[in-house]
Amino acid sequence: MSLQDSLGVLAALVLITAFYCQSQRRRRLMALLASGLFLGYAALLGSVPLLILGGLFAGINLVRLRGMRVGRAPTRATWQMDHDVQDRVRDIQAVSRYSSAGIEF
Numbered sequence: 028m029s030l031q032d033s034l035g036v037l038a039a040l041v042l043i044t045a046f047y048c049q050s051q052r053r054r055r056l057m058a059l060l061a062s063g064l065f066l067g068y069a070a071l072l073g074s075v076p077l078l079i080l081g082g083l084f085a086g087i088n089l090v091r092l093r094g095m096r097v098g099r100a101p102t103r104a105t106w107q108m109d110h111d112v113q114d115r116v117r118d119i120q121a122v123s124r125y126s127s128a129g130i131e132f
């Protein structure tokens with residue numbers, strides 16, 4: 028098996044392993060590693076479409092990984108939004124309970 032084939036198989040195995048990760052963070056890290064391996068594989072092949080695809084996947088995983096920073100405290104705006112959403116969900120649940128019991132407003 029050539030170096031190109033070995034790198035492609037390794038990239039595929041790492042990507043498959045990423046799907047079995049329980050943690051979203053670990054899954055993103057594994058997918059990022061797989062993207063890097065696929066970029067190396069595409070470079071050895073000289074395949075521009077695979078280079079573009081690998082670059083897009085790596086970029087997406089980097090952006091998503093940055094959004095998952097551990098220990099990020101919620102801002103007041105996000106807390107207020109969460110509070111408003113919870114209030115709205117409670118209102119919908121109450122209306123749903125009343126309407127299923129045949130009670131009309």
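Just so we're aligned, residue 28 is where the sequence shown starts under this note's numbering, counting upward by one.
Virtual Cβ for every residue (Gly too), placed ideally from N, Cα, C.
Close Cβ partners of residue i (< 7 Å) along its chain, the five nearest in sequence each way excluded
i	result
Gly63	Ala85
Thr44	Met57
Nearest-angstrom Cα separation, counted from residue j out to residue i
i	j	result
Cys48	Leu40	13 Å
Gln120	Ala38	47 Å
Ala70	Asn88	20 Å
Ala61	Arg115	41 Å
Gly81	Gly94	20 Å
Phe46	Gln113	32 Å
Met28	Arg54	28 Å
Leu72	Asp111	53 Å
Gly67	Arg117	51 Å
Val36	Leu83	20 Å
Secondary structure of residue i, DSSP reduced to three states
i	result
Gln113	helix
Arg91	helix
Run of the alpha helix (DSSP H) containing residue i, from where it starts to where it stops
i	result
Gln51	51 to 72
Ser29	Premise fails: Ser29 is in no alpha helix (DSSP H) and is neither H nor E.
Sequence-distant residues of the same chain with beta carbon closer than 8 Å to residue i, five excluded per side
i	result
Leu59	Ala85, Asn88, Leu89, Leu92
C-beta neighbour in chain C for residue i, strict 8 Å
i	result
Ala69	Although the question refers to chain C, the structure presented lacks it and comprises just one protein chain.
Residues near residue i by beta carbon distance below 6 Å, same chain, minus five either side
i	result
Ser74	none
Leu77	Ala69
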